[in-house]
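Peer 1:
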Amino acid sequence: MSETPFFGLFCIAVVVNVGVTLKSTGLWTVIAAKLGMAPPDAIANSEPSDPEKDKQHLELIKRYLLVYLLATMSDWLQGPYVYALYADYGYEQHEIAILFVAGFGSSMVFGSFVGGMADWGGRRTFVILYAMFYALSCMTKHFQNFWVLMLGRLLGGVATSLLFSVFDAWLIRAHSDRHIKNYLGKSFSWACYGNSIVAIVAGLIANNAASSFPMAKVFDQTNLYYGGYLNPFDISLLALGVCGACAATLWEENYGDDGISAASSNDSGSADDSQAKKGSNGLWYDALYQAFLMAMRNNEILFCGLISSLFEGSMYIFVFMWTPAMTGGDADIKLPFGLIFSTFMVNCMIGSSLFGILMDKGIKVENLGVGIFALASFSMFIVATASNKTMAFIAMNLFEVSVGLYWPTMGTMKGSIVPESKRAAIYNLYRIPLNFIVLFSLLTDLTPTTSFFLNTIMLGTATVLQHLLRNRRVVPQGTAEKDSATEPLVSAKSSEDSTDDLFLKAETA
Numbered sequence: 006m007s008e009t010p011f012f013g014l015f016c017i018a019v020v021v022n023v024g025v026t027l028k029s030t031g032l033w034t035v036i037a038a039k040l041g042m043a044p045p046d047a048i049a050n051s052e053p054s055d056p057e058k059d060k061q062h063l064e065l066i067k068r069y070l071l072v073y074l075l076a077t078m079s080d081w082l083q084g085p086y087v088y089a090l091y092a093d094y095g096y097e098q099h100e101i102a103i104l105f106v107a108g109f110g111s112s113m114v115f116g117s118f119v120g121g122m123a124d125w126g127g128r129r130t131f132v133i134l135y136a137m138f139y140a141l142s143c144m145t146k147h148f149q150n151f152w153v154l155m156l157g158r159l160l161g162g163v164a165t166s167l168l169f170s171v172f173d174a175w176l177i178r179a180h181s182d183r184h185i186k187n188y189l190g191k192s193f194s195w196a197c198y199g200n201s202i203v204a205i206v207a208g209l210i211a212n213n214a215a216s217s218f219p220m221a222k223v224f225d226q227t228n229l230y231y232g233g234y235l236n237p238f239d240i241s242l243l244a245l246g247v248c249g250a251c252a253a254t255l256w257e258e259n260y261g262d263d264g265i266s267a268a269s270s271n272d273s274g275s276a277d278d279s280q281a282k283k284g285s286n287g288l289w290y291d292a293l294y295q296a297f298l299m300a301m302r303n304n305e306i307l308f309c310g311l312i313s314s315l316f317e318g319s320m321y322i323f324v325f326m327w328t329p330a331m332t333g334g335d336a337d338i339k340l341p342f343g344l345i346f347s348t349f350m351v352n353c354m355i356g357s358s359l360f361g362i363l364m365d366k367g368i369k370v371e372n373l374g375v376g377i378f379a380l381a382s383f384s385m386f387i388v389a390t391a392s393n394k395t396m397a398f399i400a401m402n403l404f405e406v407s408v409g410l411y412w413p414t415m416g417t418m419k420g421s422i423v424p425e426s427k428r429a430a431i432y433n434l435y436r437i438p439l440n441f442i443v444l445f446s447l448l449t450d451l452t453p454t455t456s457f458f459l460n461t462i463m464l465g466t467a468t469v470l471q472h473l474l475r476n477r478r479v480v481p482q483g484t485a486e487k488d489s490a491t492e493p494l495v496s497a498k499s500s501e502d503s504t505d506d507l508f509l510k511a512e513t514a
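Using the numbering used here, you'd call the opening residue of the sequence shown number 6 and step up by one each time.
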């Protein structure tokens, strides 16, 4: 397959992305009004109804994105070079596989426990711990020693669990404390959009850094190296240091306790330590146990976890398999991988912008979720059955659009469904079945076609579960409908009462 279709599809994606971005941000209306294509009062009608809350949200999201995007940049910088570094050190494929399995296994086991402590120990504290764990993992990459590298994979697995749980938990609580929970979907949309941009930029930086000068030993008699494929990890280390420092200075602390308000934090965002307290009077393992009981007893929490595991599991399998699918297993085929990856990220940006447009039209995230998972399942089926690479590549990009839609949709739903008192713990429990799926894909020798059919089944199952979840959140006629955009994210009750109340509701549901 020549490079022309790739470049053409990339250009189309960029044009579409510009259009939906202008539409989702409201700039489309401004431009149309100035060109006389919209009525003069169109701009005024598009202004926020509450400028004060809009200002609050803007201040919050700026502080959040600075920390979050540094965290994701550190992850994107490392991703393409982990396997290449191990291979450059001379390890065999089965040894590299062991290291990868150890990383996902660590995320499943240790990450679930460590991340589950965040409700008890403080979300900001565990964001700083994320930076520390991942920084230590980067440092281990300099050693050509299998067990040191294994330690790095274990630390990286824990850090990954924190990245995909603690940041969301902090953001949701911060919105609730500021009484701007209706802005949550927009915040997740911006985070997803920014993450896609960071992924492209990080890829370019890492590529230039890795080729700047070759890898060499620090001293001839040691197994300590620098340069080459290690350069992206060193840049990641720098990003992690800045990430942790910004979190410590710009974020207030919050806990998984319904009784604690962020109103005790000062205007600059730093914590008021005299009023801060632990998120739970019990021990951290009590929180994990109670989180497990909540997930098992409440079908909405359980369905939400299964849906997210199925979708994100299919996403990981897609990441592993799209390259062999496009090359047909022929190592001699040279494809513009950088251009392909950039096209994927642009389509992911399209999805996150579409989310904002659909939310402005009043579509509920529960209904939107059904369409997203159906679209993802359909696109995976096309990838698995396509007779030519062009059709498969178009379907892959359609899947990336669904990925861009998924993150803000699921973030908003989980923000409403999962109780604040055990949010980080439950988010980490959600990652256990996800890591089982990832480990299964790593340990089995599935072909790309079989993997994509498996994705189709998983995404189809997620569609059915989302339909059931939507029906549970639509109450019989004559009563109010549960709404992820407006339902309280933090109960006004004390944490002790809210837990008992949740169990009572779950038993009678």
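Just so you know, even glycine gets a beta-carbon here, dropped at the ideal spot from N, CA and C. Note that the structure is a prediction, hence the values are computed from the model and not measured.
1. By alpha-carbon positions, which one of 187, 230, 387 and 168 ends up nearest to residue 137?
2. Using only the alpha-carbon positions, how far apart do residue 232 and residue 69 sit?
3. Would you identify the three-state DSSP class for residue 230, choosing helix, strand or coil?
4. Find out if the Cβ-Cβ distance for the pair residue 162, residue 116 is shorter than 7 Å.
5. What are the boundary residues of the alpha helix (DSSP H) that includes residue 391?
6. From the DSSP output, which residues share a beta bridge with residue 222?
7. For residue 309, does the count of other Cβ atoms within 10 angstroms reach 16, so buried, or fall short, so exposed?
8. So, is residue 237 buried or exposed, given that buried needs 16 or more other C-beta atoms within 10 angstroms?
9. Measuring straight from C-alpha to C-alpha, what distance separates residue 108 and residue 85?
10. Please list the terminal residues of the continuous alpha helix (DSSP H) segment that includes residue 343.
11. Nearest-angstrom Cα distance between residue 195 and residue 386?
12. What residue from 165, 146 and 118 has the CA that sits closest to residue 76's CA?
13. Can you give me the C-alpha to C-alpha distance between residue 358 and residue 388, rounded to a whole angstrom?
14. Using 8 Å as the cut-off, can you tell me whether the stretch 400-414 makes contact with the stretch 366-377, which would need three or more C-beta pairs spanning the two stretches below that distance?
15. Quick check on DSSP: helix, strand or coil for residue 148?
16. Could you have a look at residue 331 and say whether DSSP puts it in helix, strand or coil?
17. Under three-state DSSP, which class holds residue 597?
18. Please state if the CB of residue 430 and the CB of residue 121 are separated by a distance shorter than 7 Å.
19. Roughly how many whole angstroms lie between the Cα atoms of residue 102 and residue 60?
20. Would you call residue 380 buried or exposed, if buried means 16 or more other Cβ atoms sit within 10 Å of its Cβ?
21. Would you kindly report the start and end of the unbroken alpha helix (DSSP H) that includes residue 68?
22. Take the Cβ of residue 180 as the centre, count every other Cβ of all protein chains shown within 10 Å, and call the residue buried at 16 or more, exposed below.
23. For the alpha helix (DSSP H) holding residue 87, just list the boundary residues, first then last.
24. Answer with yes or no whether the minimum CB distance from residue 127 to chain B is below 7 Å.
25. In its own chain, which residues sit with a C-beta less than 7 Å from the C-beta of residue 176, not counting the 5 before and 5 after it?
26. How long is the line joining the alpha carbons of residue 454 and residue 321, rounded to whole angstroms?
27. Measure the alpha-carbon distance for residue 226 versus residue 91 and round it to whole angstroms.
28. Taking the alpha-carbon of residue 317 as reference, which of 370, 415, 261 and 301 has the nearest alpha-carbon?
29. Assign residue 424 to one of three DSSP states: helix, strand, or coil.
30. Can you give the Cα-Cα distance for residue 396 and residue 340, rounded to whole angstroms?
31. Give me the Cα-Cα distance between residue 264 and residue 178, rounded to the nearest whole angstrom.
32. Could you tell me the distance, in whole angstroms, from the CA atom of residue 71 to the CA atom of residue 392?
33. Cα-Cα, which of 459, 363 and 239 is closest to residue 215?
Peer 2: The short version:
1. 168
2. 32 Å
3. strand
4. yes
5. That residue, residue 391, is in no alpha helix (DSSP H); it is neither H nor E in DSSP.
6. 230
7. buried
8. buried
9. 15 Å
10. 342-365
11. 29 Å
12. 165
13. 24 Å
14. yes
15. strand
16. helix
17. With the chain represented from 6 up to 514, any question about residue 597 goes unanswered, as that position is not in the structure.
18. yes
19. 48 Å
20. buried
21. 56-83
22. buried
23. 87-93
24. Protein chain content of the structure displayed is limited to a single chain, and chain B is not contained in it.
25. 69 and 192
26. 15 Å
27. 20 Å
28. 415
29. coil
30. 16 Å
31. Reliability fails at residue 264, whose pLDDT of 44 lies under 50, so the model's placement of it is uncertain and the value that follows must be treated cautiously. About 12 Å.
32. 44 Å
33. 239
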